[in-house]
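One structure below.
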Amino acid sequence: MMKISEFYIYVCIVFLCWKLQVNSGQNNRPRGVSLSNGPFYSDSEKFTCLDGSLTIPKSKVNDDYCDCKDGTDEPGTAACPSGMFHCNNRGYKPMYIPSSRVNDGICDCCDTSDEYDSPTRSLCVNTCKELGKAHLAAKNQEALIQNEGFEIRKGYIKQGQETKTERQQSLGKLKEEIEQIELVKDEKEALKEEAERPEKEAKEKHKAAWEAEKARRQEEQDRKDAAVAFVELDQNQDGKVNFEEIQLHTELDPDEKNEFTPEEAMGLLGSKPEVLQNEFVEEVWKNIKEKYESHKEEPTDIPPVEVPGDVPIAEPPAPEEEDLDDEDAAFDDDYDDYDDEEDFDENYDDDEDDDGDEAVRRYKEMKEKREQKKKQEAADEDMPEYDEYTKNLIKIADEARDAYNEVDSRMKEIEKSISSLEKQLDVDLGEDQEFQPLQGECFEYTDREYTYKLCVFDKASQRPKSGGSETSLGKWGQWSGPGDNKYSEMKYTGGLKCWNGPDRSCVVKLTCGKENQLTAATEPERCVYEFKMTTPALCNKKIDLNSGNIDVHEEL
């Protein structure tokens, strides 16, 4: 059995052999060749182009003449336009540069190896160590942010999973409640319909009686108007209206354009030359009342006339009402030029009339009378109150409606809550619900011209800084990141249509950060916007700061 001391000696020998081999490989590698490509140049006699197109003597490698089409025989010179020079950049990051930059007088490699034969080589300074330190500091800062975000993300996951559970439980309770409320609603609806049937019948009966009363009043008014019109038309007061008297009222001309002929006038009288008062009231008046215009003041004494059925025609308005109508006419003539009392006062000249105060007083009185008359006329057209029996039926029906509406309102609230919860639960909030705390939150970013707004899982928009309405850039669509990093990109679609272009859309690129912050907004393509956002929800790895390695921890 091998002793421990012998084992250590064996390990040291193996390590030294490996070190010598590595150094030998590094020393044998042509200038501009990376360590990984070193084996392709290990043959001391010949070299085969990496594309396999040609084999040349090893001496032609880096001889400043391009033999290989892929430029791999001249990695350390500028001879091949397609060649690549490898910078070792020890202490920093290795990199490739086009071999055309070799010895061009400009230092591209931080270790200055690209200017090995340049007159300006002495001006090049090896900055790899400083760059390495800066890079390490930046990586450490990124690691700190990553780790802070990782801890916040764990809180997000806890909150998200608890919220999901609460929503699921609430949804279940609401669905149970709505089943019970549906039964109660059906019961209340039946009671409501039962109470509304007698209410409807009573209200319809009341309305029918009122319509009959209005018809009676209208008929009575028509008879009054007909009696007044008959007296006015009967110019010779012979108790008849003839076609010649009708012709005096040219507004009754049927065609309104040509001469009002005797034939046309007799046509209005039922093809008769003259009619008696009862014929006028029953047959003629209904055909001319819409056009008829009174040519004189209503008479104060109009004899009643008997009509078939012994129904007396109502007498014209009482003198008091006539007086008010006459005063209204005078009011119109004297005061219609004034918009209101103030206008009347301003325009009335006291110097022309010593009774100015009296005129103002009369103006106010007439205005008040006119307003009272209008109110009374409007009140006469209103349907009277229901009787006590009908009122009681309405009260019972109202109570039944209130009870039904209360249940119906509660049911609609529950349906709205169910819809909202189902919509929230349908959104993909990450494998572990880590994006739930962002749901419904809005963030803004402002540049020189616009303020951009992102409401996560809802919408994206922009508005001018100078003021104006928002323009929709799209509504939440889906996660659109690559297969191995699905949650790194959001897609919002169906925004406001561009002029002669597509609907606006927005892509949101997410990166790890300890804060939820919108950091940039651009329009890389017409009507296609790109937002950048940091969030702890994407900090899914924790870095071991002692080793520099990324340690993926299992999360609860």
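As numbered in mature numbering (1 follows the signal peptide of the UniProt record, and there is no 0), residues -25 to -1, 1 to 531 make up the sequence shown, in order.
We treat Cβ as the ideally placed atom computed from N, Cα and C, and that holds for glycine.
None of these values were measured; they are calculated from a predicted model.
Specify the secondary structure class of residue i as computed by DSSP and reduced to three states.
| i | result |
| --- | --- |
| S19 | coil |
| V483 | strand |
| S74 | helix |
| S28 | coil |
| I369 | helix |
| P511 | helix |
| I393 | helix |
| P412 | helix |
| Q453 | strand |
| R65 | coil |
| K339 | helix |
| T52 | coil |
| L448 | strand |
| E333 | helix |
| S441 | coil |
| E90 | helix |
| M358 | coil |
| K33 | helix |
| S269 | coil |
| K215 | strand |
| L520 | coil |
| E234 | coil |
| S436 | strand |
| E226 | helix |
| residue 541 | With the chain running from -25 to 531 in the structure shown, residue 541 is simply not present. |
Can you give the Cα-Cα distance for residue i and residue j, rounded to whole angstroms?
| i | j | result |
| --- | --- | --- |
| T140 | E419 | 30 Å |
| D459 | D161 | 53 Å |
| A240 | K232 | 14 Å |
| S441 | T426 | 10 Å |
| E152 | I393 | 11 Å |
| R479 | G470 | 4 Å |
| D200 | H181 | 28 Å |
| R438 | M341 | 59 Å |
| L493 | L429 | 8 Å |
| C55 | N64 | 22 Å |
| D519 | C43 | 46 Å |
| D197 | A165 | 47 Å |
| K391 | W451 | 20 Å |
| E297 | P237 | Because E297 carries a pLDDT of 44, less than 50, the predicted location of this residue cannot be relied on, and the following value inherits that uncertainty. Computed Cα separation, rounded: 34 Å. |
| K104 | D422 | 37 Å |
| D416 | Q399 | The question names Asp, but residue 416 in the sequence shown is Glu. The alpha-carbon atoms of E416 and Q399 are separated by roughly 13 Å. |
| W260 | F235 | 18 Å |
| E195 | A202 | 11 Å |
| C487 | K507 | 11 Å |
| P511 | K489 | 5 Å |
| S145 | L413 | 21 Å |
| A435 | E117 | 28 Å |
| P229 | E265 | 12 Å |
| W185 | A372 | 22 Å |
| E356 | E179 | 17 Å |
| I389 | K163 | 18 Å |
| N262 | N217 | 15 Å |
Check for me: the alpha helix (DSSP H) holding residue i runs from which residue to which?
| i | result |
| --- | --- |
| W185 | C103 to L208 |
| F218 | F218 to Q222 |
What are the start and end residues of the beta strand (DSSP E) that includes residue i?
| i | result |
| --- | --- |
| F418 | C417 to T421 |
| Y427 | Y425 to C430 |
For a test of your reading of the model: does the CB of residue i fall under 7 Å from any non-hydrogen atom of the ligand SAH? Yes or no.
| i | result |
| --- | --- |
| K108 | Ligands displayed in this structure: none; no statement on the ligand SAH is therefore possible. |
Contact between the segment 195 to 210 and the segment 219 to 230: three or more CB pairs below 8 Å? At 8 Å Cβ cutoff, the stretches touch.
Secondary structure, beta strand (DSSP E): runs of 3+ residues fully inside the segment 237 to 262: For the segment 237 to 262, whole beta strand (DSSP E) runs of length 3 or above, ordered along the chain, are 249 to 251.
Count the CB pairs spanning the segment 8 to 18 and the segment 88 to 101 that are closer than 8 Å, and state whether there are at least three. The segment 8 to 18, when compared against the segment 88 to 101, does not touch it at the 8 Å Cβ threshold.
Give a yes or no on contact between the segment 374 to 389 and the segment 148 to 159, applying the rule of three or more CB pairs nearer than 8 Å. Look at the beta carbons and you see the segment 374 to 389 touching the segment 148 to 159: at least three pairs across the two are nearer than 8 Å.
Three-pair Cβ contact test at 8 Å for the segment 62 to 69 versus the segment 21 to 39: Result no; under three Cβ-Cβ pairs closer than 8 Å.
Extract the residue ranges of the beta strand (DSSP E) inside the segment 459 to 503, only unbroken runs of 3 or more that lie entirely within it. Fully contained in the segment 459 to 503 are the following beta strand (DSSP E) runs of length 3 or more, in chain order: 464 to 468, 480 to 487 and 492 to 500.
Contact between the segment 401 to 417 and the segment 115 to 134: three or more CB pairs below 8 Å? These segments touch.
Between the segment 465 to 485 and the segment 76 to 93, do at least 3 Cβ pairs fall closer than 8 Å? Contact between the segment 465 to 485 and the segment 76 to 93 is absent, because fewer than three Cβ pairs lie under 8 Å.
Is there contact here, the segment 185 to 195 with the segment 234 to 254, by at least three beta-carbon pairs under 8 Å? Per the Cβ contact rule, the segment 185 to 195 is not in contact with the segment 234 to 254 (fewer than 3 Cβ pairs under 8 Å).
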